[in-house]
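Contents: one structure, followed by commentary.
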Amino acid sequence: NAQCTNSVGSYTCSCNTGYTSPAGVTLTDSTNPCQDINECTNTPSLCGPKAQCVNIPGSFSCSCDSGFIPPSGVKWTNQKRCVNNDSSLCGLNAFCTSPNDHYLCSCLQGYTPPSGVKQPNASYQCEDIDECASNPSVCGPQSQCTNTLGSYTCSCASGYSSASNPCTDIDECKKFLICGPHAQCTNTVGSYNCSCNTGFNFHKKQCVNIDECADNSSVCGPNAQCTNTAGSYTCSCDTGYKPPAGVTLTSSSKPCQDIDECQLFPTICGPNAQCTNTAGSYSCSCDTGYTPPAGVTLTNSTNPCQDIDECAVNPSICGSNAQCTNTVGSYSCSCDTGYTRCGLLLADTDECAANPSICGPNAQCTNTAGSYSCSCDTGYTPPAGVTLTSSSNPCQDTDECAVNPSVCGPKAQCTNTAGSYTCSCDTGYKLPAGVTLTSSSNPCQDTDECAANPSICGPNAQCTNTAGSYSCSCDTGYTPPAGTYCRENINECQVSSSICGPKANCINNIGSYTCSCKTGYKLPAGVTVTNSSNPCQDINECAVNPSVCGPNARCTNTAGSYSCSCDTGYTRTALFSTDIDECAGKTSICGPNAQCNNTVGSYICSCNTGYVPFTSSCLIPLEHCTYACGPHSHCHLSPVMGLSCCCDANVLNIGLNCGDVFQCDSNRSPQRSRQCAGNPRSVTCYCQHRIGGCIHNNSKPNTLTDIDECAANPSICGPNARCTNTAGSYSCSCDTGYTPPAGATLTSNSNPCQDTDECAVNPSICGPNAQCTNTAGSYSCSCDTGYTPPAGVTLINSTNPCQDIDECTANPSICGPNATCTNTAGSYSCSCDTGYWKNNLSADIDECTADPSICGPNATCTNTAGSYSCTCDTGYKPPAGVTLTSSLNPCEGLYFMCQDICHHQKYCNGIQYFLTSESECIYIDECVFTSSICGPNALCSNTIGSFTCSCDTGYVPPTGAKLTDINQCKTNNQSTCGPNAQCIFNDQSYNCSCDTGYIPPTGALVTTDLFPCQEQKRSSGSALTVSLTLTFSIGSHVEKCCVGPMGCSQENLVSEYVNDCINNNISVCGKHAKCSFTGQSYTCSCTSGFTPPTEVPQASYSYPCKDFNECKQYPNICPGSTCINTIGAYKCVIISYGFGGGGGPRPDTDECAVNPSICSPNAQCANTARSYSCSSDTGYAAPPGVTLTSSSKPCQDINECAANPSICGPNAQCINTAGSYSCSCEAGY
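Sequential numbering of the sequence shown, starting at 1, is according to the UniProt record's numbering.
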């Protein structure tokens, strides 16, 4: 009479209509079954008046009283009424059952009886349940619920997939080129973002190349040309210019530099010519007597300056009766036969010899026939319009610095000199080694002042080299005085008068400062340098030393000090509470002929010499006292006794005589009683006058009274002690929980009672399973985790020990659902139900989430209670006999893939090509190989031998265009054929042609981004010119694999098999793979612990082997332990989560392996039996009281400088560093 419904990791029970579960029972079973509902007890009666109700199991029946009949159309009978589930009985959406001799109506799943009706019928028919309204989250997060008759449907929100339950985010980035080329895809929850690669901008839904050259025409700087490239640009200098050393992309700040062709190539102009450098070029000028060839402006070694034939140019140059003979660069004259003096040779005078200074200074004279010529020395030029220089028109110095301001190159100064020039480098620069005259090709070099003079910045400073200079920065705690280097210490106390905060004094140190609290103040706990946020704190002197004011006074704490107020009868001196000196206040207090002597709390009057006391006056005894007194006594006038004898001071009264001298202790002195008339022979001891000393003795005269030290000074024994007065002294006894210091009998404030550490004296004082904590004067006990004190017990001990807490009883759900709790001593253990695993809360293992690729490629994983299932994607099927697919047994495609198509690997005229087993065509899934083949906003559908394109909703094909005739080369050239290939469109097909030097990859018929053209491997000594074309026709088969320069055909195939696996060439199969040559081809197999990528059947250099995650693929590979994947392997580690169970001991957990950072940084973890230990690295220590460090309680740096202030020795400063320390010498050391 119950229905069972499975749930994740459990089940629920629901009673059939007409039955209910027993009180307090949620899961019914055979011992607690569903109980029949007695409908006949309802009020009013379900059968109505004039009828009898009869309860039957799960329902009831009605029968009319005698004389009554059922309503029209209603028949009450005990016969079964369910015939073919007639809807006339129960109505629509209901089913009828006939137990025993009656019938029952129940709503179908997804329907419910009308409100207030327990059982449907033809009049009260079942109504649809709106599951979406009754449970808005029925479909889970990120989904939409749609109610249907008798049920409901769920649809995932945009960006989410219904492949698993609940809806999971779709990683759109896994879709090939979803963002297009030159872009990066970033998956987001429910969507994705696209970002363009560097050098690309987003434009019209795709990343387009940024033309840096067009955006910034001067991006390369002057005298340079910019060339745009994909994602970047290049710079090339104009002719006559070159980039600076080490610069590839010139700019305005690093422009192209002029090439000094004259210096670089001294003979560039050829012989008999002078080269002059110009911006971006140079010019040539021929020497005197030479001229450039016709039409030549820049002479060189092949077109050199040619000699001028002066004789031909000017036949009469030598004059009459003379012959002219041309010479290289000049000419000579000779007289005709019979003439010795002719033409210009007539009476020729050697002007140069006759007048050596004829040409003036800085010039050379050359004699010529009938004349002479002048040429200026190097560095000089003739004045304008002057050909023959002289002393009055001498050669003028050439100012090379003005002619060529940059003659010395950058960072240099040119200084003109007579006939030359000098170069001097700017400050901070120096001449290159061996160079005297710098230039643009040999410029001044930066001087590293810091390296040349390490102490250039002075002490307490750091030097940083800069271009042409250097900078100095002071060490921490130092500042440079105006215009000087760091040689003066910063006086932080002067810079900030409040640096130490209020109530503190600042003391300047070398490179730092210290703070000391003013009198009456102290440092806060743990603070070494005070400031405004951590100021000095007031000292409560009254609490620290209750007797600071001495006796007879009260202490009141004030800010930074305290005040004392005297008890009645006392007044306050500058430092201590003292007795009032009545004698000083009132000079006549004792009357005439008397001296006033102050005492503690009072005063004494003594008569002057020659006077004796009588009543309240001092009188002359010779006039009044006629009574003869014995030795050590004197006569006394008393208003009561009259004349009497009183013993002198410090004299004992023995009978009727004054006898021995009375001795007082060191703290007291004898004083005679002012009124000794009632006891004429008396003496007593009074306290001497001393600051803060004895109390006033108010005892009666003639008796030696004990001082009650305990009453005089209640804190005489110090804190936590009791004072007991004794005759002439006192004793101290410590309070319970305290003991006197070793060797001390009388405790005090300076030597007080010390706390007794009961925990150290008796380690087991708190009993087992408890911790003892010492407190001031006592101790406390706390039970270990998992234990509690007995009821009513505050201080547990061995007779009343801590009791184990039964966590399973105290919290039945402590282990969470799907787990069983077992109590243990001081703890508990949890064991998961079958199909569940251990974590902090036992839960069903979601294998799909734990390993998204558990089902392998092209498959969807669905989690189930205690397991999971795999379903292949559309177009795929599981391998024969496999129910749970995986990477090793993946879903198989239902269409032809390019696998194992290259059974023969041969060379056709030196070109590697491949044929299928029967030279037949292989169907290609164009939509997979070129995902964007249909262009944007379109959907590709594969067909046998071709494909079709359909526009997305809201898009139409271009005018006149057929979707199958899309020009892929125009819409998507790069992503169609991939890099290093050319795309050529022809009617309804396109060709991919690899660039020169590249060939298609192994097994590929059409190159793409995934299978791009690869660089061709050339045989040694061969040079091949290859034009290899791969043809892909839409709607037709591939007919030929390659075309060579000879028109490659079946007849000129050469069986020349090449072993590509020599030395296991990594460029063939990639890393972690083994290359095997089969005689006609090669195969790539991954080494142990690695597997090919899921997108290819065989590894290669472009698709190398990847690590095989044994832990994910074989969940049970480590029975009884946890599998941890490593690169190329795995290891099994026993991990304990605190769960017990079982009869034997639990295996030890290697916490250090499970969590390598468990001990926090700067610490080492060592595994121990059932635990672990942490040891701090050198220079670090665990926090106080911490044994096992962690990220929340990490190892702390040891301040070696504070622990050992002299660790660096004298004249040195210690600086603490992380995990260590450093020493720096003080100035002058």
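Every residue gets a Cβ at the ideal spot worked out from N, C-alpha and C, and that includes glycine.
Predicted, not measured: the structure shown is a model, and the values here were computed from it.
Reduced DSSP category for residue i - H, G, I as helix; E, B as strand; rest coil
i	result
T239	coil
V495	helix
P1045	Since pLDDT at P1045 reaches only 28, below the 50 mark, its modelled position is unreliable, and no value is offered.
E400	helix
C583	helix
Q119	coil
C96	strand
A1202	helix
G1140	The predicted position of G1140 is uncertain, since its pLDDT is 35 and thus under 50; a value taken from the coordinates is nonetheless stated next. Three-state result, G1140: coil.
S134	helix
T528	coil
E892	strand
A51	strand
E1015	strand
V683	Low local confidence applies: a pLDDT of 38 at V683 is under 50, so the model's placement there is unreliable, with the coordinate-based value given in what follows. Three-state DSSP puts V683 in coil, outside helix and strand.
Q109	coil
L89	helix
C759	helix
E847	helix
A1129	strand
K254	coil
L104	strand
A353	helix
C213	helix
Beta-carbon contacts of residue i that lie in its chain and below 8 angstroms, excluding the five residues immediately before and after
i	result
T862	A163, S164, N165, C848, Y868, S869, C870 and T871
Q323	C333, S334, C335 and D336
N6	A865
V138	E131, C132, C145, Y152 and C154
G140	C154, N165, P166 and C167
E1226	I510, N1211, A1212 and Q1213
Whole-angstrom distance between residue j and residue i, CA atom to CA atom
i	j	result
E709	N534	43 angstroms
S1121	N762	44 angstroms
K1131	S853	20 angstroms
C517	T528	11 angstroms
N314	G434	50 angstroms
N300	G280	18 angstroms
C766	I507	51 angstroms
P1115	L888	14 angstroms
L108	L92	9 angstroms
D735	D1197	41 angstroms
C185	I170	13 angstroms
N416	C395	15 angstroms
Presumed contact (8 angstroms Cβ cut-off) between residue i and residue j, rounded CB distance
i	j	result
S782	P546	The Cβ separation is near 34 angstroms, so there is no contact.
S941	C927	7 angstroms
Those residues which DSSP pairs with residue i across a bridge
i	result
L939	S950
H203	Q206
T1189	BP columns for T1189 are empty, so no partner.
N326	Y331
N16	DSSP output for N16 lists no bridge partner at all.
C515	C506
I796	Its beta-bridge partners do not exist; DSSP assigns none.
S1222	I1215
Contacting residues, own chain, Cβ-Cβ under 7 angstroms from residue i (five flanking each side not counted)
i	result
C4	Y11 and C13
G180	Q206 and C207
Same chain, Cβ closer than 6 angstroms to residue i, neighbours up to 5 away in sequence not counted
i	result
K1071	P1104
C855	C861, C870 and T885
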